[in-house]
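For the sequence shown, numbering that gives the first Met the number 0 gives the first residue as 0, with consecutive numbering after it.
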Amino acid sequence: MRRAVVFLLVALTFFAVFTGCVADGNKPQDENETGRETTTQSQIHMILMSELANYSVVRPEAAGEDEKKAAVVVWEAIKEISDKVRIKDDFVKEGFPEFTPGEYEILVGNTNREETAEFLSDLRADDYGYRLIGKKLVIAGHSEANTYRAAVRFVENVVERRMDSDIFYSSGYDFLHTGNYPVDSFRLNGIDLGDYVIVYKNNGNNAEALIAESLRHSIVEATGYYLRVYSDKEKAGDYEILIGRTSRDAGGVYSHEPGDTEYVIGAGDRYIVLYANNIDGHFAALGDFIDRIKAACETGREAELSIGGIEVIKDKSDLSLSAMSFNVYVSNMSAERVSRVLAMVEKYLPDTVGFQEASPAWMNQLRSRLSAYYSYVGAGRDGGDKGEYNPIFYRKDKFTLLDSGTKWLSATPDKVSKFSESSLNRIFTYAVLKRSSDGRIFVHINTHFDHKSNVARVKQAEVLKGFIEEFAQNYPVILTGDFNCKTGTDEYKIIDATSLVSSRDIAIKKENDTGTYHGYRSQNNLIDFVFVSETGILVKFYKVANEQIDGDYASDHHPVYIEYFIT
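Structure below.
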């Protein structure tokens, strides 16, 4: 009798919830929201109020700020109903009951539980929602921001609208917000793209892993599908896109040996395979594959791509780019030192270089001696051609300049000004560049923070942060500069909290990973950095160019040099 009453209550609750969602004008409505409705009683799952005290809200152990906030929002809302509900992370340790997955869990974010993986496998990149799977309630999206949105929706739609004294949650409440995507569906060799997993070779070298992550990001941008990524140590999935020479049996695809300037794109029964003998070849294969996906998306809302057999392709393109940050030291402009600075630049010939402490006298030297290779943008920090520049020199044979400007790191960035704590006017210069070979667009920003005041640097970092995020909405970003601060400082953390990451931290290969400021003494301080967009840029090489030129250092700062790909 009790079971029959409960099912009757569920049916009435379904009606109340779904009609209430339509009628309530106060509920914020998103486009493309859909309810995941249950059509038969045999599919109904529920959490009874009598069970709620057994539940824990579980978030990822390595949760970011938004995931932590999402878990707290859910926990605090449920505590108003049952103060025995706990909150914890998903850490697991065998033999310890307190670190063992429980039967009753509310999973918030990308936890390590199977139910979370099951839920997210059905979601595309911008989808989010919540679903009851058995006795576990999953609240999540692929991004932390979307997990937080799902948590807020859950509190609004479920906790704050609870209408039944016996039932806390039923599968009839399941909710899904779907994003807007370039295609409605995408089939790769006849299989839905969402059924594939990207697999890289686990060999201690992170090159294939980074390429796999870049592939996932590119697929998200092109199609909206969010694919899982893991190494070949994991159990094989039903359908996989293999990056590099993995341990999988790819049906003879790996029997073909590409040359140093070749790459392979092939297909087996369950695999798509991309591999080469070097990082440039791997990246060329990635670019080729993504171009095919994009071309397929242009054919209609229901896209299809077929990869047949084995293709060994000659790579004729040079897709890598390079950048440098170089404080030339405003003082002691002897002929010998000027020659060493110019020789350092000419040794590497970076595609773009951001200089600091480039006084008008230095600008005359740089312009006249580098004009065979470079054009430049920039202005003096005291306005016009007055004061030190933070110029950006760019290879005129490789790029077209689309936009540029100089801003002041102050409360009034559009005019000559500074914060009161800053010893000098401080600026940043930016250049929006289009690569001539393929039309790829990116932004290079170059800056120099105050050398005396931590308070000034924090304020300058906050100003720069706003512009970084504005640019990063549309294009990959390279940020060079003498930041006059070390890692871990407040001003560094502000930049690190943007969508940029230090190239030093993600480079596939590093050389001379040491300090950048020596002051012609025994100092060895790392204060010069090249930051890049965390998604959209793959750094293959990082180097502090600490070699001497003609028996001495070119400047009191060593240049920082990177090579990278735009994905």
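For each residue, glycine too, the CB sits at the ideal point set by N, CA and C. Remember, predicted model here, so these are calculated numbers, not experimental data.
Endpoints, alpha helix (DSSP H) assigned at residue i
| i | result |
| --- | --- |
| His-216 | 206-222 |
| Leu-423 | Neither: Leu-423 is in no alpha helix (DSSP H) and is coded neither H nor E. |
| Lys-78 | 64-78 |
| Glu-148 | Sequence check: residue 148 is Arg here, not Glu. Counting along the chain, the alpha helix (DSSP H) containing Arg-148 begins and ends at 143-153. |
Other residues of its chain near residue i: CB distance less than 8 Å, five sequence neighbours each side excluded
| i | result |
| --- | --- |
| Ser-452 | Glu-420, Ser-421, Ser-422 |
| Ser-416 | Trp-407, Ser-409, Ala-410, Asn-424 |
| Tyr-519 | Tyr-552, Asp-555 |
| Ala-249 | Leu-241, Gly-265, Gly-267, Tyr-270, Val-272 |
| Arg-161 | Ile-80, Phe-167 |
| Asp-549 | Glu-335, Ser-338, Arg-339, Ala-342 |
CB of residue i within 8 Å of CB of residue j, strictly
| i | j | result |
| --- | --- | --- |
| Leu-318 | Gly-280 | no |
| Thr-497 | Lys-458 | no |
| Asn-389 | Phe-448 | no |
| Thr-446 | Gly-487 | no |
| Tyr-147 | Ala-69 | yes |
| Ser-170 | His-44 | yes |
| Lys-135 | Arg-152 | no |
| Asp-527 | Thr-515 | yes |
| Asn-511 | Val-531 | no |
| Phe-325 | Leu-365 | no |
| Pro-614 | Val-462 | Residue coverage of the chain in this structure runs from 0 to 566, which leaves residue 614 outside it and unanswerable. |
| Asp-350 | Arg-394 | yes |
| His-443 | Ala-460 | no |
| Ile-278 | Ala-206 | yes |
| Asp-314 | Ala-294 | no |
DSSP state of residue i mapped onto helix, strand, coil
| i | result |
| --- | --- |
| Glu-562 | strand |
| Ser-370 | coil |
| Asp-527 | strand |
| Asp-551 | strand |
| His-176 | strand |
| Ala-342 | helix |
| Ser-403 | strand |
| Glu-122 | A quick correction: the sequence has Leu, not Glu, at residue 122. DSSP places Leu-122 in coil when its eight states are reduced to three. |
| Asp-88 | strand |
| Glu-533 | coil |
| Phe-95 | coil |
| Tyr-393 | strand |
| Tyr-127 | strand |
| Asp-237 | coil |
| Val-252 | helix |
| Gln-364 | helix |
| Thr-37 | No answer about Thr-37 holds up, because its pLDDT of 33 lies below 50 and its placement is not dependable. |
| Ala-52 | helix |
Continuous beta strand (DSSP E) stretch holding residue i: start and end
| i | result |
| --- | --- |
| Val-543 | 536-543 |
| Ser-230 | 227-230 |
| Gly-265 | 261-266 |
| Phe-288 | Run containing Phe-288: none in the beta strand (DSSP E); it sits in the alpha helix (DSSP H), 278-296. |
| Asn-326 | 320-326 |
| Gln-355 | 351-355 |
| Met-45 | 45-47 |
| Val-196 | 195-199 |
| Gly-140 | 135-140 |
| Glu-303 | 301-304 |
Cβ neighbours of residue i in the same chain (closer than 7 Å, five flanking residues each side left out)
| i | result |
| --- | --- |
| Ile-292 | Ile-218, Ala-221, Thr-222, Leu-304 |
| Glu-117 | Ile-132 |
| Asp-183 | Arg-300, Glu-301 |
| Lys-92 | Phe-98 |
| Glu-50 | Tyr-103 |
| Asn-545 | Asn-511, Thr-513, His-557 |
| Ile-306 | Asn-188, Ile-264, Ala-266, Ile-271 |
Other residues of its chain near residue i: CB distance less than 6 Å, five sequence neighbours each side excluded
| i | result |
| --- | --- |
| Asp-489 | Val-457 |
| Asp-237 | none |
| Ile-505 | Val-538 |
| Lys-508 | Phe-540 |
| Ile-561 | Ala-322, Ser-502, Val-529, Val-538, Tyr-541 |
| Ile-99 | The sequence given here places Thr at residue 99; Ile does not occur at that position. Once the five neighbours on either side are set aside, Thr-99 has no close Cβ partner at all. |
| Leu-187 | Leu-304 |
| Asn-145 | Tyr-127 |
Enumerated in chain order, which unbroken segments of the alpha helix (DSSP H) with a length of 4 residues or greater are wholly contained in the segment 439-510? 453-471, 489-495, 502-505
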